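S.K.: First the structure, which I've put down as structure tokens, then a few questions once you've had a look.
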Amino acid sequence: MRASRRTVLAGASAAALVAVLPRTAAATAPIPIAAERRVIEVRGRAAIVSGLLQPDGSAGARFRAGDRFRVALTNKLPEPTLIHWHGLRPPLEQDGVPGLSQPLLQPCGVYEYDFALRDTGTYWMHAHHGLQEQTLLAAPLIIAESERTDEQEVVLMLHDFSFRAPDEILASLKSRAVEMTKAMAAAAQGGHSAHGQPAQGHGAQSGHGQSAGASHGHGAHGGAHLNDVEFDAYLANDRTLADPQAVQVERGGRVRLRVINAASSTNFMVDLGAIDAELIAVDGRPLHPVPGRRFGISMSQRLDLRLRIPGTGAFPVLAVREGDRQATGLVLHTPGAAVPRLSETAAEVAPPLSFAEEERLRALEPLAARPADRRMTIALTGDMTVYGWGLDDSGPNGMREYEVKAGERVEITLENRTNMSHPMHLHGHRFQVVGADGRRFPGAMRDTVLVPARSAVAIALDADNPGSWMLHCHNLYHMAAGMMAMLRYV
Ligand code: C2O
Ligand code: CU
Numbered sequence: 013m014r015a016s017r018r019t020v021l022a023g024a025s026a027a028a029l030v031a032v033l034p035r036t037a038a039a040t041a042p043i044p045i046a047a048e049r050r051v052i053e054v055r056g057r058a059a060i061v062s063g064l065l066q067p068d069g070s071a072g073a074r075f076r077a078g079d080r081f082r083v084a085l086t087n088k089l090p091e092p093t094l095i096h097w098h099g100l101r102p103p104l105e106q107d108g109v110p111g112l113s114q115p116l117l118q119p120c121g122v123y124e125y126d127f128a129l130r131d132t133g134t135y136w137m138h139a140h141h142g143l144q145e146q147t148l149l150a151a152p153l154i155i156a157e158s159e160r161t162d163e164q165e166v167v168l169m170l171h172d173f174s175f176r177a178p179d180e181i182l183a184s185l186k187s188r189a190v191e192m193t194k195a196m197a198a199a200a201q202g203g204h205s206a207h208g209q210p211a212q213g214h215g216a217q218s219g220h221g222q223s224a225g226a227s228h229g230h231g232a233h234g235g236a237h238l239n240d241v242e243f244d245a246y247l248a249n250d251r252t253l254a255d256p257q258a259v260q261v262e263r264g265g266r267v268r269l270r271v272i273n274a275a276s277s278t279n280f281m282v283d284l285g286a287i288d289a290e291l292i293a294v295d296g297r298p299l300h301p302v303p304g305r306r307f308g309i310s311m312s313q314r315l316d317l318r319l320r321i322p323g324t325g326a327f328p329v330l331a332v333r334e335g336d337r338q339a340t341g342l343v344l345h346t347p348g349a350a351v352p353r354l355s356e357t358a359a360e361v362a363p364p365l366s367f368a369e370e371e372r373l374r375a376l377e378p379l380a381a382r383p384a385d386r387r388m389t390i391a392l393t394g395d396m397t398v399y400g401w402g403l404d405d406s407g408p409n410g411m412r413e414y415e416v417k418a419g420e421r422v423e424i425t426l427e428n429r430t431n432m433s434h435p436m437h438l439h440g441h442r443f444q445v446v447g448a449d450g451r452r453f454p455g456a457m458r459d460t461v462l463v464p465a466r467s468a469v470a471i472a473l474d475a476d477n478p479g480s481w482m483l484h485c486h487n488l489y490h491m492a493a494g495m496m497a498m499l500r501y502v
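Take the sequence shown: its letters are residues 13 to 502, numbered as in the working numbering.
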């Protein structure tokens, strides 16, 4: 096949080749992606991180509507890994969860993936093994909707970055929790019992914030605790605002901005400054457009924004850490416009992500109207004496399983009994956000919903992809500390 195609096209120029090949032929070869080490510069220091790269150095993969997902994944890392295609709905064996889907991919090993893409939109891929995600082992995964020629696409991938090893970060979260508990017990014995029950959820949040060391951003907001980890930098397409990516755009031009929050433990507020935007999709799924200039994005969520460049000049697109002023971002600029020096600290603290914004979202392609066949309530729980998180109080060694049957409409209420919000992600499905704290609304279709502290969020889904699927908090440290379960078809 390949040889004859080469012969036929032997005389054609490279440019013509793209035009002549029928699309199906172009789509048959798997896209080669390697998990490998790479070096980036952060704050003038070399940082050894990981990545998911094609041979030409581009990150991740891009498909078109109707393509099959065909990828050959090679592990060029010195340790085993496995990559999850976040938000896609593959058969279970190709979902990239170690043990559940397939065994870990050993160094030098290759896995091939091939399944029908059921969705278009903005997705991403990331390691689903240990704490590897924190090493930037992640990349965009775009399935382009029917192409618009009048729109320029810009992908903005967000990360939180630390020079510390991820297991060190987790260990310090745990030891801090233990120290806090001791300190509070001692204080209680001395007669200062005001803090009450340290064992409940993030009941210890006020003290927790104080003990964290460097602490802008560690504030308690309305009782909710926002950030667990102080990072060394926040990255936008691997760069900080001290040396941001500058993307040339046209004056008055339209831009399709695909924002992916690949951070391990950080929610952001995306701030478009002077640019008017419309939010047209979340988690890859289309919405009735919502106009605005600021939009929240939790860990693992995506925002698709349609922008109109307002004139000539440079237009920063910022992402500010929730409850903090630390910012990252990139700059859109018209030809010839000077790119200004930007501060890495926003003028104002980004407010906590608000569920009011979520409640305004309306899916363009909602679930069909239908009563639920099965309802369940799952509590999001925590034991802050040990930095342990869980679902229905699952302990460190117990992972709960929730049963569903193929064909059912399932409604799940996620009841957050802790003082932190949790970005809850379900594999292999998409769901609709249908309620919060007793209010009902036909919200967005998503794969990750942020459940605010001390709130209950209801989601509905059609059980149409048999298997055993992960349901977990996408805060990497919460997940590692037990906040995961399985949705199992019986
Ligand atoms: Cu984005 Cu279980 O993962
Ligand atoms: Cu969480």
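Glycine residues also receive a C-beta, built at the ideal position from the N, C-alpha and C atoms. Predicted model, so just to flag it, every value in this text is computed and none were measured.
1. Report the start-end ranges of each alpha helix (DSSP H) in the region 90–125 that is 4 residues or longer and not cut off at the edges.
2. Tell me whether residue 377 sits in a helix, a strand or coil according to DSSP, three-state version.
3. Measuring alpha carbon to alpha carbon, tell me which of 241, 282, 268, 286 ends up nearest residue 324.
4. Taking contact to mean 3 or more Cβ pairs, one atom from each stretch, closer than 8 angstroms, check whether the region 242–253 and the region 52–69 are in contact.
5. Is residue 439 helix, strand or coil when you go by DSSP?
6. Should residue 205 go down as buried or exposed, given a rule of 16 or more other Cβ atoms within 10 Å for buried?
7. Just mark residue 118 as buried or exposed, buried being the case when its beta carbon has 16 or more other beta carbons within 10 Å.
8. From the beta carbon of residue 171, is the nearest beta carbon of chain C less than 7 angstroms away?
9. Just to confirm before moving on: does the CB-CB distance between residue 89 and residue 47 stay below 7 angstroms?
10. Below 8 angstroms on the Cβ atoms is my guess for residue 368 versus residue 455; work out the distance and round it to an integer in Å.
11. Beta carbon of residue 482: closer than 6 angstroms to some heavy atom of the ligand ZN?
12. Quick check: what's the CA-CA separation for residue 279 versus residue 333?
13. Can you tell which of 461, 439, 465 has the C-alpha that lies nearest to the C-alpha of residue 105?
14. Compute the Euclidean distance between the alpha carbons of residue 489 and residue 240, then round it to the nearest angstrom.
15. Nearest-angstrom Cα distance between residue 107 and residue 266?
16. With the cut-off set at 7 angstroms, would you say residue 384 and residue 423 are in Cβ contact?
17. So what does residue 335 bridge to, in DSSP terms?
18. Could you name the residues of the same chain whose beta carbon sits closer than 7 angstroms to that of residue 61, not counting the 5 residues immediately before and after it, in chain order?
19. Secondary structure at residue 171, three-state DSSP: helix, strand or coil?
20. Between which two residues does the beta strand (DSSP E) holding residue 201 run?
21. Under 8 angstroms: do the region 185–194 and the region 390–410 share three or more Cβ pairs, one atom per stretch?
22. Below 6 angstroms CB to CB, which residues in the same chain sit around residue 393 once its five sequence neighbours on both sides are set aside?
23. What does a CB cutoff of less than 8 angstroms around residue 485 pick up in its chain, not counting 5 residues either side in sequence?
24. Is residue 312 near the ligand C2O, going by C-beta to nearest heavy atom under 6 angstroms?
25. Output the boundary residues of the beta strand (DSSP E) element that contains residue 370.
26. For residue 465, which residues from the same chain have a beta carbon less than 8 angstroms from its beta carbon, with the 5 sequence-adjacent residues on both sides left out?
27. Does the Cβ-Cβ distance between residue 139 and residue 274 come in under 7 angstroms?
28. Among the residues of its own chain, which have a CB less than 7 angstroms from the CB of residue 417, if the five just before and after it don't count?
29. Would you say the beta carbon of residue 96 is closer than 6 angstroms to some non-hydrogen atom of the ligand C2O?
30. In terms of DSSP beta bridges, what is residue 477 paired with?
31. May I ask you to report which of helix, strand or coil DSSP gives residue 257?
32. Run the proximity test for residue 437: is its beta-carbon closer than 6 angstroms to any non-hydrogen atom belonging to the ligand CU?
33. Hey, would you say the C-beta of residue 490 is under 6 angstroms away from at least one heavy atom of the ligand CU?
34. Report the partner residues of residue 155 according to the DSSP bridge assignment.
35. For residue 495, is the beta carbon positioned less than 6 angstroms from some heavy atom of the ligand CU?
M.R.: Put simply:
1. Taking only runs of at least 4 residues, no alpha helix (DSSP H) segment lies wholly in the region 90–125.
2. Coil.
3. Measuring C-alpha to C-alpha distances from residue 324 to each of 241, 282, 268, 286 identifies 286 as the nearest.
4. By the Cβ criterion, the region 242–253 is in contact with the region 52–69, since at least three pairs of Cβ atoms, one from each stretch, lie closer than 8 angstroms.
5. Coil.
6. Caution is warranted here: a pLDDT of 43 is assigned to residue 205, below 50, making its placement in the model unreliable, and the coordinate value is therefore given only provisionally. Exposed, by the Cβ-count rule.
7. The residue in question, residue 118, is exposed, as its Cβ has fewer than 16 Cβ neighbours within 10 Å.
8. No chain C is part of this structure, which consists of one protein chain only.
9. When the beta-carbon positions are compared, residue 89 and residue 47 come within less than 7 angstroms of each other.
10. The C-beta separation of residue 368 from residue 455 comes to about 12 angstroms, leaving the pair out of contact by the 8 angstroms criterion.
11. As far as ligands go, the structure on display features the ligand C2O and the ligand CU and does not contain the ligand ZN.
12. Separation of residue 279 and residue 333 (C-alpha to C-alpha, rounded to the nearest whole angstrom) is 6 angstroms.
13. Put simply, of 461, 439, 465 the residue whose alpha carbon is nearest the alpha carbon of residue 105 is 439.
14. So the two alpha carbons sit approximately 9 angstroms from each other.
15. Straight-line Cα distance between these residues: approximately 35 angstroms.
16. Their beta carbons are under 7 angstroms apart, which means residue 384 touches residue 423 by this criterion.
17. Bridge partners of residue 335: none, in fact.
18. For residue 61, where only same-chain residues beyond five positions count, the Cβ hits under 7 angstroms are 50, 52, 147, 148.
19. DSSP places residue 171 in strand when its eight states are reduced to three.
20. For residue 201, there is no enclosing beta strand (DSSP E); the residue is part of the alpha helix (DSSP H) that begins and ends at 178–201.
21. Flag = yes, the region 185–194 and the region 390–410 touch.
22. Result list for residue 393: 402, 405, 429, in chain order.
23. Excluding sequence neighbours, residue 485 sits near 392, 401, 434, 435, 436, 437, 491, 495, 496.
24. Using a cutoff of 6 angstroms, the CB of residue 312 counts as near the ligand C2O, since one of the ligand's heavy atoms is closer than that.
25. Per DSSP, residue 370 lies in no beta strand (DSSP E); the unbroken alpha helix (DSSP H) holding it starts and ends at 367–372.
26. Result list for residue 465: 214, 235, 236, 237, 428, 430, 431, 432, 433, in chain order.
27. No. Outside cutoff.
28. Answer for residue 417: 475, 501, 502, listed in chain order.
29. Residue 96 Cβ: within cutoff of the ligand C2O.
30. None; residue 477 has no bridge partner.
31. Residue 257: coil per DSSP, three-state reduction.
32. Checking the 6 angstroms criterion, the Cβ of residue 437 is out of range of every heavy atom belonging to the ligand CU.
33. Residue side-chain check: residue 490 places its Cβ nearer than 6 angstroms to a non-hydrogen atom of the ligand CU.
34. Partner(s): 75, 133.
35. At least one heavy atom of the ligand CU is found less than 6 angstroms from the C-beta of residue 495.
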